[in-house]
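What follows is a short report on a single structure.
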Amino acid sequence: MSQGEAKPAQVAANTLRGGHFRYYDFVMAAFVAIILLSNVLGAGKVSQVWLPVYNDYWPFGAGILFFPVSYVIGDVLTEVYGYARARRVIGAGTGAVLFMAVMSWVVVALPPAPSWGNQAAYETIFGQVPRIVLASVCAFWAGEFVNSYVLARMKLWTGGKMLWTRTIGSTIAGEGIDSLIFYPLAFLGAEGWTTALVIQVLFTQWALKVAWEVILTPVTYLVVGFLKRREGVDVFDEGTDFTPFATRHVGLAKDALHIYVGLTLFLGAALAFRWPLRSWKPWLVALAAALLGEAWDLRDNLVHHIPHAADPRPNHEAPGTQICEYPKE
Numbered sequence: 105m106s107q108g109e110a111k112p113a114q115v116a117a118n119t120l121r122g123g124h125f126r127y128y129d130f131v132m133a134a135f136v137a138i139i140l141l142s143n144v145l146g147a148g149k150v151s152q153v154w155l156p157v158y159n160d161y162w163p164f165g166a167g168i169l170f171f172p173v174s175y176v177i178g179d180v181l182t183e184v185y186g187y188a189r190a191r192r193v194i195g196a197g198t199g200a201v202l203f204m205a206v207m208s209w210v211v212v213a214l215p216p217a218p219s220w221g222n223q224a225a226y227e228t229i230f231g232q233v234p235r236i237v238l239a240s241v242c243a244f245w246a247g248e249f250v251n252s253y254v255l256a257r258m259k260l261w262t263g264g265k266m267l268w269t270r271t272i273g274s275t276i277a278g279e280g281i282d283s284l285i286f287y288p289l290a291f292l293g294a295e296g297w298t299t300a301l302v303i304q305v306l307f308t309q310w311a312l313k314v315a316w317e318v319i320l321t322p323v324t325y326l327v328v329g330f331l332k333r334r335e336g337v338d339v340f341d342e343g344t345d346f347t348p349f350a351t352r353h354v355g356l357a358k359d360a361l362h363i364y365v366g367l368t369l370f371l372g373a374a375l376a377f378r379w380p381l382r383s384w385k386p387w388l389v390a391l392a393a394a395l396l397g398e399a400w401d402l403r404d405n406l407v408h409h410i411p412h413a414a415d416p417r418p419n420h421e422a423p424g425t426q427i428c429e430y431p432k433e
């Protein structure tokens, strides 16, 4: 750090009162661009790489080239700007993917001119199967929130130290959820995709994405350090509402989350075990997920209603935190 640059102020997230960050919009734009590229260019292609250890070719999804970068950007967002602003970016990315999927379907469905002979090739690239789109959106949404949540929590546990532990740890969790949702939902039972191939590609994707995160750790350190110095803050998620839905009605947000998790598990179980949708088995899985969610909420409410000793710091800020003073442009 140069002598002319002040050390970033440690700021509790619940003390931020709006304000303008210099680079937040650029980071958001990069994140959304990477997500769209990964869905357009790498969603359905399976490539292979030669592994001397196995003396054989090992298949992997082409999206591996893009998604690790999105998780690095996701780490940067949560580490520098906090969970709430990362949540906003994840919502923007989800909306962009849904809009792209709808417009792709509309454009592909348009009747081609007789003089244009590339309709078949165009459909191959942009005519994504609704099942893949659904799997992609569900996996991206859940994986990104898990990644952001784990990183924010670990930052509190480690006191902001050992950045590499939370970037890698959050990627292990987030990418695991992403791959675990996407590949069974998108390809299990599809033509050319055996159960063994789905499992093999799933674990290969997860391992390669985590390896990407490890390799890119020095880059993450550089970007995080640069942004913290330029923005003048180091946000800790003290008192943050970690529900994925930004709403003042916390109960409604948690109910919406339970519905999402239940539907995802319902479809995942039905596709993974080839249960008919009218069977009681996938419904039982969804019900179990809902009950677990309600039990966790009850536990969370009990914990937060336990009286604590009086804390002289306003808003129960972490030691050493201060109200954010944004750097002048």
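Counting in my numbering, the sequence shown runs from 105 upward without gaps. Ideal Cβ placement from N, Cα and C applies to all residues, glycine included. None of the values given here were measured: they were computed from a predicted structure.
Where the alpha helix (DSSP H) through residue i begins and ends
{"i": "Asp282", "result": "267 to 291"}
{"i": "Asp129", "result": "128 to 145"}
{"i": "Phe203", "result": "187 to 213"}
{"i": "Glu317", "result": "299 to 319"}
Residues bridged to residue i [DSSP beta-bridge criterion]
{"i": "Asp160", "result": "Leu155"}
C-beta atoms of residue i and residue j nearer than 9 Å
{"i": "Ala239", "j": "Phe170", "result": "no"}
{"i": "Val314", "j": "Thr262", "result": "no"}
{"i": "Tyr175", "j": "Glu317", "result": "yes"}
{"i": "Ala277", "j": "Tyr187", "result": "no"}
{"i": "Arg126", "j": "Glu279", "result": "no"}
{"i": "Pro81", "j": "Phe203", "result": "The structure shown does not extend to residue 81, since the chain is modelled only from 105 to 433, so the question has no answer here."}
{"i": "Val150", "j": "Ala166", "result": "yes"}
{"i": "Leu312", "j": "Val302", "result": "no"}
{"i": "Ala196", "j": "Val241", "result": "no"}
{"i": "Thr308", "j": "Asp179", "result": "no"}
{"i": "Phe230", "j": "Val211", "result": "yes"}
Through-space distance from residue j to residue i, alpha-carbon basis
{"i": "Gly221", "j": "Gln304", "result": "37 Å"}
{"i": "Val237", "j": "Val328", "result": "32 Å"}
{"i": "Leu145", "j": "Tyr253", "result": "28 Å"}
{"i": "Ala290", "j": "Thr298", "result": "12 Å"}
{"i": "Ser208", "j": "Glu227", "result": "9 Å"}
{"i": "Glu342", "j": "Leu214", "result": "51 Å"}
{"i": "Val184", "j": "Leu331", "result": "7 Å"}
{"i": "Asn159", "j": "Val337", "result": "49 Å"}
{"i": "Arg352", "j": "Trp245", "result": "At Arg352, the pLDDT of 49 sits below 50, so the modelled position is not reliable; the number obtained from the coordinates is stated separately. Their Cα atoms are separated by approximately 21 Å."}
{"i": "Asn251", "j": "Leu181", "result": "11 Å"}
{"i": "Leu267", "j": "Pro288", "result": "32 Å"}
{"i": "Ala134", "j": "Ile177", "result": "8 Å"}
{"i": "Ile281", "j": "Pro216", "result": "39 Å"}
{"i": "Phe346", "j": "Lys265", "result": "21 Å"}
{"i": "Asn143", "j": "Leu155", "result": "26 Å"}
{"i": "Val131", "j": "Ala225", "result": "33 Å"}
{"i": "His412", "j": "Thr344", "result": "Because His412 sits at a pLDDT of 43, beneath the cut-off of 50, its placement in the model cannot be relied upon, and the following sentence gives the value as read from the coordinates. Looking at the two C-alpha atoms, the distance is approximately 18 Å."}
{"i": "Val157", "j": "Phe164", "result": "16 Å"}
{"i": "Ile138", "j": "Val173", "result": "7 Å"}
{"i": "Tyr435", "j": "Arg333", "result": "Residue 435 lies beyond the residue range present for the chain, which begins at 105 and ends at 433; the question has no answer from this structure."}
{"i": "Lys259", "j": "Val193", "result": "19 Å"}
{"i": "Gly247", "j": "Leu320", "result": "19 Å"}
{"i": "Ala300", "j": "Tyr161", "result": "15 Å"}
{"i": "Ser219", "j": "Arg191", "result": "46 Å"}
{"i": "Gly296", "j": "Gln223", "result": "24 Å"}
{"i": "Gly199", "j": "Gly273", "result": "27 Å"}
Among the options, the one whose alpha carbon lies nearest that of residue i
{"i": "Ile306", "options": "Val206, Phe125, Ala243, Leu155", "result": "It is worth fixing the name first, because residue 306 is Leu in this sequence and not Ile. Selected option, being the one with the closest Cα: Ala243."}
{"i": "Phe340", "options": "Ala224, Arg189, Ala217, Leu292", "result": "Arg189"}
{"i": "Met235", "options": "Ala166, Ala294, Pro156", "result": "Contrary to the premise, residue 235 reads as Arg rather than Met in this sequence. Checked all of Ala166, Ala294, Pro156; the closest Cα to Arg235 is Ala294."}
{"i": "Leu140", "options": "Gly186, Pro156, Gln152, Val206", "result": "Val206"}
{"i": "Trp310", "options": "Ser283, Val323, Thr321, Tyr325", "result": "Ser283"}
{"i": "Thr269", "options": "Pro218, Ser219, Pro322", "result": "Pro322"}
Limits of the unbroken beta strand (DSSP E) element including residue i
{"i": "Phe340", "result": "337 to 340"}
Residue i Cβ short of 8 Å to the ligand GTP heavy atom set
{"i": "Val131", "result": "Absent from the structure shown: the ligand GTP. Ligands present: none."}
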